[in-house]
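Residue numbers (mature numbering (1 follows the signal peptide of the UniProt record, and there is no 0)): -29 to -1, 1 to 253. Beta carbons: idealized from backbone N, C-alpha and C, even for Gly. Taking it in order: structure first as structure tokens, then the write-up.
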Amino acid sequence: MTTKISKTFVITSLIIVMYILNLTPSANADKYPGYLYPSKSPVAPASNHLQLDKRGPTQYDPLFNETLGVVKKFFYDTQANLSINFNPQILVKVTWPIPQSGGEYTPGFAEHLFDNQTALPFTRVYFVGLPDPGHLAGQDPPAQGPYLITMLNLDSPRREDPISRSFRNFLSADYYTFGQNLNTGKDKVWNQPIFEVHNTTAVLSEYNRPLPWIGTGNHRYVILAYRQPASFPTYLAALNSQDPNWTTNPNKFNISSFAKDAGLGDPIGGTLVWISSNVTSI
């Protein structure tokens, strides 16, 4: 009897331990604020994302509480502050095209993507939380801007030895809000204005598609938005005169120094996505 009880007890205990071990990593991994050091492979599409069509938000997973506080905490938890004072006033969303289907995809904050999902330049940028200046019926509100947007790889060529940090994937100025507030009141997650922003001048540093090396895991990519001062064209002209080729070398781009020299101040918002190679081995 004692032997039977002992065996039953041992088997039951093992089952309980295995159950806990199997559940705990998944439960912890899926908790806010995301994966600080991701171990899971990205999936496409993931569930925690905002889908934007031409009119605005159509679907959002309310379990992922994307707020200014969440974004700020995640930036600092992942050491993505880049020696900048990151105190976001708005949320930033970007949309990548999907060549296979002709559609588009707007990932959620801290979502995991494969590099083939971001092969083409993002085609839309949205600011969530800009004040709505109001407008007459049937007319667009006054354009707000200009803004500067940059995308950086913090883990180039690998997280353990990021000798190319930060690798500049994109830099463009003269973004302005375009059209009316896309939040028509139907959005149940954000009670905030949502504006699409467009750049009105040539891109400064062309889009370098994310290409994390095979076997280097998930790389942190940040997209930051800055208010652009009236003096920026003067600074840019001086920079181009001093170093005409500065836009062609994306390695070791110091956004903190650039922002200081250009008079950009602190970023007004940003987002972060994890991107890894879609090839697992050669």
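Beta-carbon proximity check, residue i vs residue j, cutoff 8 angstroms
i, j, result
"isoleucine 226", "threonine 121", "yes"
"arginine 191", "leucine 125", "yes"
"glycine 236", "valine 193", "no"
"valine 188", "serine 228", "One point to set straight first is that residue 188 is glycine, not valine, in the sequence displayed. Not a contact, by the Cβ cut-off of 8 angstroms."
"tyrosine 197", "proline 238", "yes"
"leucine 62", "valine 244", "no"
"serine 143", "asparagine 170", "yes"
"serine 176", "proline 204", "no"
"glutamine 60", "glycine 100", "yes"
"residue 274", "leucine 123", "What is shown of the chain runs -29 to 253, which leaves residue 274 out entirely."
"threonine 172", "aspartate 145", "yes"
"phenylalanine 98", "phenylalanine 166", "yes"
Nonlocal neighbours in the same chain, by C-beta distance under 6 angstroms from residue i, ignoring five residues either side
i, result
"glycine 234", "Pro200 and Ser202"
"aspartate 103", "Asn152 and Pro164"
"lysine 11", "Annotation note: pLDDT 35 at lysine 11 (below 50); position unreliable, coordinate value reported separately. The answer is none, since no qualifying residue turns up."
"valine 96", "Val65 and Val168"
"threonine 251", "none"
"tryptophan 67", "Tyr76, Thr89 and Phe93"
"leucine 195", "Thr121, Pro238 and Gly241"
N-terminal and C-terminal residue of the alpha helix (DSSP H) that residue i is part of
i, result
"asparagine 211", "203 to 213"
"phenylalanine 98", "Segment 95 to 99 is the beta strand (DSSP E) holding phenylalanine 98; no alpha helix (DSSP H) there."
"tyrosine 47", "39 to 48"
"serine 231", "According to the sequence shown, residue 231 is lysine rather than serine. First-last of the alpha helix (DSSP H) with lysine 231: 226 to 233."
Opposing strand residues paired with residue i [DSSP bridges]
i, result
"serine 143", "Ile120"
"alanine 196", "Ile120 and Gly240"
"arginine 130", "According to DSSP, arginine 130 bridges with nothing at all."
"histidine 83", "Trp245"
"phenylalanine 149", "Glu167"
"arginine 191", "Trp245"
"phenylalanine 138", "Asn124"
"serine 176", "Leu142"
Contacting residues, own chain, Cβ-Cβ under 8 angstroms from residue i (five flanking each side not counted)
i, result
"alanine 114", "Tyr147, Thr148 and Phe149"
"aspartate 86", "Arg180, Pro181, Leu182, Pro183, Ile246, Ser247, Ser248 and Asn249"
"asparagine 56", "Asp237"
Contact set for residue i: own chain, Cβ-Cβ below 7 angstroms, skip 5 residues either direction
i, result
"leucine 207", "none"
"tyrosine 178", "Pro92, Asn140 and Phe141"
"residue 254", "Outside the shown range of the chain, which is -29 to 253, sits residue 254, and nothing can be said about it."
Delimiting residues of the beta strand (DSSP E) encompassing residue i
i, result
"isoleucine 61", "61 to 69"
"isoleucine 165", "165 to 170"
"tyrosine 76", "74 to 76"
Any C-beta of chain B under 8 angstroms from that of residue i
i, result
"phenylalanine 45", "The structure shown contains no chain B; it is built from a single protein chain."
Query raised in the report: Quick check: the segment 129 to 138 against the segment 68 to 88, are there 3 or more CB pairs under 8 angstroms?
Result: no
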